[in-house]
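Numbering (our numbering), first residue to last: 607 to 696.
Virtual Cβ for every residue (Gly too), placed ideally from N, Cα, C.
None of these values were measured; they are calculated from a predicted model.
Here is the structure we will look at.
Here's what the structure looks like:
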């Protein structure tokens with residue numbers, strides 16, 4: 607007769623399935639990041655640089671201090687991301 611599988615064996619099978627799923631998701635995520643970064647063109651870099659520049663231009667025309675602080679935070683974050691991505695200042 608067929609004996610039911612023991613609980614430790616079931617746990618091990620479930621654990622292996624979960625581990626396989628995590629590895630699969632990590633591989634898909636890595637491939638997506640690679641594809642996104644590999645398709646960068648000079649036009650995209652110029653557009654991103656212009657976006658950062660316009661953000662700082664908008665900072666100069668802000669109406670009040672609260673708005674100015676919010677815009678400054680956003681612009682600094684955009685500039686930091688640009689520098690991380692392209693290894694140069696915008």
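- Looking at the backbone, the Cα of residue 620 and that of residue 636 are separated by about 24 Å.
- For residue 673, the enclosing alpha helix (DSSP H) covers residues 671–692.
- Going by DSSP, residue 696 is part of no alpha helix (DSSP H) at all; its letter is neither H nor E.
- By the C-beta density criterion, residue 696 is buried, having at least 16 other C-beta atoms within 10 angstroms.
- Distance from the CA atom of residue 642 to the CA atom of residue 614, rounded to whole angstroms, is 42 Å.
- For the 8 Å CB-CB criterion, residue 674 and residue 665 form a contact.
- Cα atoms of residue 680 and residue 634: separation of roughly 30 Å, rounded to the nearest angstrom.
- When the five nearest sequence neighbours on each side are left out, the beta carbons in the same chain lying within less than 8 Å of the beta carbon of residue 677 are those of 661, 664, 665, 668, in order along the chain.
- Taking C-beta atoms as the reference points, residue 657 and residue 684 count as a pair closer than 8 Å.
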